[in-house]
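These protein sequences, in sequence, are chains A and B.
Here my numbering is used: position 51 in the first sequence is 131, and no number is missing along the way.
Here my numbering is used: position 189 in the second sequence is 193, and no number is missing along the way.
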Amino acid sequence: MNPQFKKGVLELIVLESVRKKDMYGYELVEEVSRVIDVNEGTIYPLLKRLTNEHYFETYLRESSEGPPRKYYHLTAAGILYRDSLEAEWEEFQTRVCRFLKEGKEHE
Amino acid sequence: MNKETFLEELREHLRILEDQEQEDILEEYAQHIDMKLQKGLSEEEAIRDFGPMKELAAEILEAYHVKPEFDKKKPSAVRMPELKGIKIADGKKAFRKAGGFLKAKCMACVRGIGRAFRWFGGKCRVAAAWITKPFSKEKALKETGDEFMYGETVTLQAQERFLNQGHEQAAAGQTGSSQEKAWTETGIEMRQKPKRSVLAAVFHGIKVTWDLFAAFCIWWLRLFWNLAWLFMAAFFGFFTMLMLMGLGAGVVLLPQGYPVAGILLICLGGMLCFGALSCGSFSLLIRKNKEKPEEISEEKAAVSLSEEIEAIEEKINSEEETMTENV
Chain A
81 MNPQFKKGVL
91 ELIVLESVRK
101 KDMYGYELVE
111 EVSRVIDVNE
121 GTIYPLLKRL
131 TNEHYFETYL
141 RESSEGPPRK
151 YYHLTAAGIL
161 YRDSLEAEWE
171 EFQTRVCRFL
181 KEGKEHE
Chain B
5 MNKETFLEEL
15 REHLRILEDQ
25 EQEDILEEYA
35 QHIDMKLQKG
45 LSEEEAIRDF
55 GPMKELAAEI
65 LEAYHVKPEF
75 DKKKPSAVRM
85 PELKGIKIAD
95 GKKAFRKAGG
105 FLKAKCMACV
115 RGIGRAFRWF
125 GGKCRVAAAW
135 ITKPFSKEKA
145 LKETGDEFMY
155 GETVTLQAQE
165 RFLNQGHEQA
175 AAGQTGSSQE
185 KAWTETGIEM
195 RQKPKRSVLA
205 AVFHGIKVTW
215 DLFAAFCIWW
225 LRLFWNLAWL
235 FMAAFFGFFT
245 MLMLMGLGAG
255 VVLLPQGYPV
265 AGILLICLGG
275 MLCFGALSCG
285 SFSLLIRKNK
295 EKPEEISEEK
305 AAVSLSEEIE
315 AIEEKINSEE
325 ETMTENV
């Protein structure tokens, strides 16, 4: 898949994943990888940025295996941001689809 | 590449970030690798999934809005934080040194400008004196001529009057006794003596009054000249201050994004121009430090002369009175 497509939509997928359930880094990477094939390294900087912009809150929780894990939780601002991103995505997607459909009908 | 070297290398790339942030990120990656290991993958494989180190570091730094190339270009500046203190001190010293040098240069500049202004003022004063000199001199010469002629007529009239008086008294004497004749003769003699001194005195008096008048005229001229230039200096000074105010306002507004660069330049130019005009006007004021003693002496002389004249006139009057009493 075109990496530019992935980059644009990765933020939305991460936000949606955390909205459903608070997750720690690796869990999130696995979740995202289910949807799109993405370089695992690029998820962490994105999480960092969204945390710095106060869309995520983090907290530590003990785990049965290994050290405590850092969990990400979506804030109110994060929910608003996710919704706006989703609306943008819907509009973008429908427009592109309509345009492609028009092209097919002309043929 | 194993986990330790990967984390160390990544840390090198992220030196620009705060220590706490570095730790946070490295911990995440360490955990990620651990998870992969638990899944049965090798360290090598886990690290290979992250992609090229440079791109990874660049993406992390991008999340902090840091230029990815910053760390590469100036690694030494960040790599030796213990040298920072010394460097700052050195910089401060250098800055102070530069400031001192700049200050000295500025002072020299200001002094030079001051000297230039003084020189210009001096030249202007000389020029003003040169311009006014022939003007006042010519006037003085012209008026002395008039006065001189006037003075001559006056003296002539006075001579005639005295002569007539003398004749009348002589005629009276002819009709009167010899004693009276003698008196009149003595009177005429007496009168002829002061006649010369009176003429001289009248002439002298006119000359003195003329001198006083000329001094008076010059004094008024200078007063008007000085007042005019003082007014001009104040006027231009006012505009200089106005321009300075504009300049200050411009300097404040310009960094805030107002388009006042042109106005700022106009204000700067206007301030310099009006300042120069004000200084020039002020330097055109005529000060009479050198002329003072001379004037005083002249005045004194005039006063003494007028006193002399008064004394002589009183003498004449008293003589006339005695003459009439005798007659």
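For glycine and all other residues, C-beta sits at the position ideal for the given N, C-alpha and C.
Proximal chain A residues relative to residue i, where beta-carbon distance stays under 8 Å
i: Gly-44 (chain B); result: Per Cβ cutoff of 8 Å: no residues; Gly-44 (chain B) is ~14 Å from chain A at best.
Beta-carbon gap between residue i and residue j smaller than 8 Å
i: Leu-45 (chain B); j: Tyr-33 (chain B); result: no
i: Tyr-161 (chain A); j: Asp-102 (chain A); result: no
i: Lys-86 (chain A); j: Val-118 (chain A); result: yes
i: Ile-320 (chain B); j: Val-202 (chain B); result: yes
i: Leu-258 (chain B); j: Leu-268 (chain B); result: yes
i: Val-89 (chain A); j: Val-112 (chain A); result: no
i: Ala-157 (chain A); j: His-134 (chain A); result: yes
i: Leu-251 (chain B); j: Cys-283 (chain B); result: no
i: Ile-135 (chain B); j: Asn-230 (chain B); result: no
i: Val-264 (chain B); j: Gly-279 (chain B); result: no
i: Trp-233 (chain B); j: Leu-281 (chain B); result: no
i: Glu-91 (chain A); j: Leu-165 (chain A); result: yes
i: Ile-64 (chain B); j: Leu-18 (chain B); result: yes
i: Tyr-139 (chain A); j: Ile-29 (chain B); result: no
Bridge-paired residues (DSSP) for residue i
i: Tyr-139 (chain A); result: A:Tyr-151
i: Met-103 (chain A); result: A:Tyr-152
Supposed contact pair residue j and residue i - C-beta distance, whole angstroms, cut 8 Å
i: Met-236 (chain B); j: Ser-285 (chain B); result: 4 Å
i: Glu-137 (chain A); j: His-153 (chain A); result: 5 Å
i: Ala-67 (chain B); j: Arg-129 (chain A); result: 4 Å
Chain B contact residues for residue i, given Cβ-Cβ distances below 9 Å
i: Val-118 (chain A); result: Near Val-118 (chain A) there are no residues of chain B at all, since even the closest Cβ is about 10 Å away, more than 9 Å.
i: Tyr-161 (chain A); result: The premise fails here: Tyr-161 (chain A) is roughly 16 Å from chain B at the closest Cβ pair, so nothing lies under 9 Å.
i: Leu-126 (chain A); result: Glu-63, Ala-67
Interface partners of residue i on chain B, CB under 7 Å
i: Gly-146 (chain A); result: Asp-38
i: Arg-129 (chain A); result: Ala-67
Residue range of the alpha helix (DSSP H) that includes residue i
i: Pro-72 (chain B); result: Element bounds for Pro-72 (chain B): n/a, residue is neither H nor E.
i: Pro-125 (chain A); result: 123–132
i: Tyr-262 (chain B); result: First-last for Tyr-262 (chain B): undefined, no H or E at that position.
i: Arg-291 (chain B); result: No alpha helix (DSSP H) holds Arg-291 (chain B); DSSP gives it neither H nor E.
i: Ile-29 (chain B); result: 23–42
i: Leu-65 (chain B); result: 57–67
i: Arg-52 (chain B); result: 47–52
i: Leu-14 (chain B); result: 7–17
Under 7 Å from the C-beta of residue i: neighbouring residues of chain A
i: Leu-60 (chain B); result: Gly-121
i: Gln-24 (chain B); result: The premise fails here: Gln-24 (chain B) is roughly 12 Å from chain A at the closest Cβ pair, so nothing lies under 7 Å.
i: Ile-267 (chain B); result: None at all; the shortest Cβ gap to chain A is about 41 Å.
Residue i: contacting residues in chain A (beta-carbon distance under 9 Å)
i: Gly-55 (chain B); result: Asn-119, Glu-120, Gly-121, Thr-122
i: Ile-29 (chain B); result: Tyr-124, Pro-125, Lys-128
Listed by chain order, chain B residues near residue i by CB distance under 8 Å
i: Gly-105 (chain A); result: Glu-32, Gln-35, His-36
i: Val-109 (chain A); result: His-36
The ligand FMN heavy atom lying under 7 Å from the CB of residue i
i: Leu-216 (chain B); result: Questions concerning the ligand FMN fall outside what the structure shown contains, since it holds no ligand whatsoever.
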